[in-house]
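Residues 46 to 385 in our numbering are what the sequence shown spells out, letter by letter. Input: a single structure, listed below in structure tokens.
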Amino acid sequence: MKRITLYIIKYLVGFGIALFFVWWSVHSLTAADTADIKAALLKARFWLLLPVFAVLIASHWFRARRWKQLIQPLGYTPTTAQLLCGLLIGYIANQLIPRAGEIIRCTSVAKAAQIPTEKLIGTLVAERAFDILCLAIITTATVLLEYQHMETYFIELYNRAGHSIVNGGNGRWWWLLGIAIVILSLVWVWRRVKHHHKTAHLVKSVMKGLAEGLRSIQRLENKPLFLLNTLLIWTCYIFSTWIGCWALQETAHLPVTTALAMLIFGSLGIMVTPGGLGAYPIIIQKTLSFYGLSENIGRASGWILWTAQFIFTMVTGTIAWIMIHHLKQRMNEKRSTHPA
46 MKRITLYIIK YLVGFGIALF FVWWSVHSLT AADTADIKAA LLKARFWLLL PVFAVLIASH
106 WFRARRWKQL IQPLGYTPTT AQLLCGLLIG YIANQLIPRA GEIIRCTSVA KAAQIPTEKL
166 IGTLVAERAF DILCLAIITT ATVLLEYQHM ETYFIELYNR AGHSIVNGGN GRWWWLLGIA
226 IVILSLVWVW RRVKHHHKTA HLVKSVMKGL AEGLRSIQRL ENKPLFLLNT LLIWTCYIFS
286 TWIGCWALQE TAHLPVTTAL AMLIFGSLGI MVTPGGLGAY PIIIQKTLSF YGLSENIGRA
346 SGWILWTAQF IFTMVTGTIA WIMIHHLKQR MNEKRSTHPA
């Protein structure tokens, strides 16, 4: 009961933070700001979101193929379609229940393909370990490629913060509150790690699990195919973001390196709130400000990209849920027709 209560509290806090970010992004809009955003949206080429959806489907297909490579050494051969459906169901679960998608995608595939759930969960360790490594590499590359844009923005932000704190006004209290929250959070984490052996043990266990996951990839029969699928996954992620930028005339000129920065920083927003609600559009808005775009254009772009991803996830997840039950029914019919 205590665990359920804590989970409900975390769930409510997560959505509370999301709603706060939504409010934060719109509370200070003036009539002129609203008019600018409306004008940008009226000129938007929403049909360009269709190729975005196609590229996203391709990315999930490559991820399903890569997951299949991790499952096959265990002696099971689920179809790529079953794994794709499981992935899409997991993504829709993440929109509703934070961090529940991994378990739900495993249980969905386990029921459809007759594979023990614990076996599938074990493969996620290797998958996530490699994704974290890839994310670290891509983040480093992004910072190196876009350092000049980021440096200019953060210098301006630093000067603005210093001006607000010194000269007073409402801005001072927001900056001081933010600094206080960051400091208190760091102190809390430090005290937890320093004085609680369980926390230190958990960190060590996670690091050990990631290391074991990376080592398990070395035992795959076709490592080049695994690396190729990984490359295709991340390429699709980057291009889906870049094509999404073409929807607005004001962002259509941005280079692919900008989409890379949007992908990396946008991923942080998805981690902060359920499905990135509220946080993702704000982070995209701030990222586009690196490149001199107005806050209103950044806000419009962020909400277009988030809404497109949300609609895509809900529609494909629902279709996948129907399909995986259909595939399971067909498999049961074959077994009843051709018993062992």
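Beta carbons are placed, not taken as given, at the ideal position from N, Cα and C, and that holds for glycine.
Runs of the beta strand (DSSP E) spanning 3 or more residues and lying entirely within the stretch 260-342 do not occur at all. C281 sits close to V100, with the two beta carbons spaced by under 8 angstroms.
Less than 8 angstroms divides the Cβ of I328 from the Cβ of F310.
Cβ-Cβ distances below 7 angstroms link Y325 to G311, G314, I315, G347 and W351 in the same chain, with the five nearest sequence neighbours on each side left out; the list follows chain order.
The beta carbon of W366 is closer than 7 angstroms to those of I134 in its chain, skipping five residues each way along the sequence. Taking the Cα positions, R111 is about 6 angstroms away from F271.
Nearest in C-alpha terms to C130, of all of L115, L308, K156 and L119, is K156. A89 sits close to A292, with the two beta carbons spaced by under 8 angstroms. Under the criterion of beta carbons closer than 8 angstroms, G343 and L333 qualify as touching, at roughly 4 angstroms. Taking C-beta atoms as the reference points, I166 and C151 count as a pair closer than 8 angstroms. Here DSSP, grouped into helix, strand and coil, assigns P123 to coil. With contacts defined as CB atoms closer than 8 angstroms, A109 and L128 qualify as a contacting pair. Look at E147 here: in three-state DSSP terms it is helix. A distance below 8 angstroms between beta-carbons, with the five flanking residues on each side excluded, links M359 to the following residues of its chain, in chain order: I137 and Q140.
The alpha-carbon of T124 is positioned some 22 angstroms away from that of F175. In the structure shown, the three-state DSSP call for E163 is helix.
Boundaries of the alpha helix (DSSP H) around P96: L94 to I116. In the DSSP annotation of this structure, the continuous segment of the alpha helix (DSSP H) that includes A80 starts and ends at A76 to L87. Taking 8 angstroms as the upper bound for CB-CB distance, V301 and I283 are in contact here, some 7 angstroms apart. By a beta-carbon distance limit of 8 angstroms, L305 does not contact V67. Their separation comes to about 26 angstroms.
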